[in-house]
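With this note's numbering applied, the sequence shown covers 7 to 359.
Using N, Cα and C, we set each Cβ at its ideal position, and we do this for glycine too.
Presented below is the structure to which this report refers.
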Amino acid sequence: GGLLNRLLFAIRFRSTDTLFAPNLNPDSRVMMYRRIADRVERIAPFLTYDPDPYLAISDGKLVWIQDAYTTSEHYPYSTSAGGGLNYIRNSIKVTIDAYHGKTVFHLLDPDDPVATTVGRAFPGLLQPLDTMPEDLRKRLRYPPGIFALQAEVFTTFHMTNPAVFYNKEDQWEIPVIDEGPEARRMEPYYTIMKLPGESGPEYIQMLPYTPRQKDNLAAWLVARSDGQNYGQLKVFQFPKQTVVFGPRQIAARINQDQAIAPQITLWNQQGSEVIQGTLLVIPIEESLIYIRPLYLRSQGGRIPELKRVIVAYRNQIVMEGTLDEALERLFPSESVPGLRREAREAVPAADIA
Numbered sequence: 007g008g009l010l011n012r013l014l015f016a017i018r019f020r021s022t023d024t025l026f027a028p029n030l031n032p033d034s035r036v037m038m039y040r041r042i043a044d045r046v047e048r049i050a051p052f053l054t055y056d057p058d059p060y061l062a063i064s065d066g067k068l069v070w071i072q073d074a075y076t077t078s079e080h081y082p083y084s085t086s087a088g089g090g091l092n093y094i095r096n097s098i099k100v101t102i103d104a105y106h107g108k109t110v111f112h113l114l115d116p117d118d119p120v121a122t123t124v125g126r127a128f129p130g131l132l133q134p135l136d137t138m139p140e141d142l143r144k145r146l147r148y149p150p151g152i153f154a155l156q157a158e159v160f161t162t163f164h165m166t167n168p169a170v171f172y173n174k175e176d177q178w179e180i181p182v183i184d185e186g187p188e189a190r191r192m193e194p195y196y197t198i199m200k201l202p203g204e205s206g207p208e209y210i211q212m213l214p215y216t217p218r219q220k221d222n223l224a225a226w227l228v229a230r231s232d233g234q235n236y237g238q239l240k241v242f243q244f245p246k247q248t249v250v251f252g253p254r255q256i257a258a259r260i261n262q263d264q265a266i267a268p269q270i271t272l273w274n275q276q277g278s279e280v281i282q283g284t285l286l287v288i289p290i291e292e293s294l295i296y297i298r299p300l301y302l303r304s305q306g307g308r309i310p311e312l313k314r315v316i317v318a319y320r321n322q323i324v325m326e327g328t329l330d331e332a333l334e335r336l337f338p339s340e341s342v343p344g345l346r347r348e349a350r351e352a353v354p355a356a357d358i359a
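Written out as structure tokens, the structure reads:
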């Protein structure tokens, strides 16, 4: 375009690229809203968006997938889940081409009355799910935002006996990790594993539970994402007569371990900061494996470096330089066939790197 247009775009984007770029011509187009959140909110501000969009590859192209929720604070005969919200459904999947920004809203759940109303109010906005390329449909995942809310509600509503429900006798809680100012609740995490009773591994999201005001594990909740099982929630409870270590108990054992605790103290005294990463609880066959990465950040540094990986299994705790080395110590191939391989496959690489 002309010099005036270039100047205005330079001011808009706070960049001189449009002023001096030699390859601009009258056919050039400017993508005004390049951030995922900005694009979808400008198109449909009446929807609620998950804060964690993810990137996928479709036919050799990069495509962002953004989960959108229909929500309400005034849905009839519904109980508030906190913050006034009493209705939420993940009925819409948004795809955004990472190159030219084409944005398409796909209707995942045609039975959602709120989404149906939106579709009638804005004809053409919501496209049928089958218009999404098949390879993208295979990469849809159950979003963490709605799963975290469902997991919170399920701490109470898993009780089906009226008397037990009324007295809150079997109330659950989402586990808290660590102590003091560093204490934080566990968040849902993705993994690939074979669920009990299933024939093969699948992509899931999970979160464990502890009994109210106790630290041992009571159950774990799973949201499935693969194929026809998309959106299914399954809960697996531990026998009440069995005591299973919970995340806070494992974290305490790590901090009290005679080999691990002195090393952490030494690193902290050498001008570095030890950061204990997310504690993962991984069900494998009839057991649980706990995995926690340790990061080291030098004084004045900004980016932490993976230093060690801690793995706990039953009464054993080991710390090694890599996850494979820690699993090798816990599960020599000749003693527990296949268990080490299943444990390695179940751990998301992004959570320990």
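{"Check": "Can you list the alpha helix (DSSP H) stretches of 4 or more residues lying completely in the stretch 200-280, in chain order?", "Outcome": "253-262 and 266-275"}
{"Check": "Does the beta-carbon distance from Arg-147 to Tyr-196 come in below 9 Å?", "Outcome": "yes"}
{"Check": "Determine, using beta carbons only, whether Gly-277 and Pro-299 come nearer to each other than 9 Å.", "Outcome": "no"}
{"Check": "Measure the C-alpha to C-alpha separation of Met-38 and Phe-15 and round it to an integer number of angstroms.", "Outcome": "9 Å"}
{"Check": "Assuming Pro-253 and Ile-183 form a contact by the criterion Cβ under 8 Å, report the distance between their Cβ atoms to the nearest whole angstrom.", "Outcome": "5 Å"}
{"Check": "Starting from Pro-289, follow the alpha helix (DSSP H) in both directions and report where the run begins and ends.", "Outcome": "From DSSP, Pro-289 is part of no alpha helix (DSSP H) but of the beta strand (DSSP E) over 286-290."}
{"Check": "Secondary structure at Phe-128, three-state DSSP: helix, strand or coil?", "Outcome": "coil"}
{"Check": "Only counting the same chain, and skipping five residues up and downstream in sequence, which positions put a Cβ closer than 6 Å to that of Glu-208?", "Outcome": "Asp-232"}
{"Check": "Whole angstroms are fine: how far does the CA of Ser-78 sit from the CA of Leu-53?", "Outcome": "10 Å"}
{"Check": "Looking only at its own chain, which residues have a Cβ that is under 8 Å from the Cβ of Gly-8, when we skip the five neighbours before and after it?", "Outcome": "none"}
{"Check": "Out of Tyr-215, Leu-223, Lys-200 and Ala-43, which one is the CA nearest neighbour of Arg-230?", "Outcome": "Lys-200"}
{"Check": "Does DSSP put Ala-318 in a helix, in a strand, or in coil?", "Outcome": "strand"}
{"Check": "Any contact of the stretch 25-40 with the stretch 60-73, i.e. 3+ C-beta pairs under 8 Å?", "Outcome": "no"}
{"Check": "Run through DSSP, which three-state label would Ile-63 get?", "Outcome": "strand"}
{"Check": "Taking the DSSP output, what are the residues bridged to Thr-137?", "Outcome": "Bridge partners of Thr-137: none, in fact."}
{"Check": "Should Lys-99 go down as buried or exposed, given a rule of 16 or more other Cβ atoms within 10 Å for buried?", "Outcome": "buried"}
{"Check": "Measuring straight from C-alpha to C-alpha, what distance separates Val-245 and Arg-191?", "Outcome": "Per the sequence presented here, residue 245 reads as Pro, with Val not at that position. In a straight line, the C-alpha of Pro-245 is about 23 Å away from that of Arg-191."}
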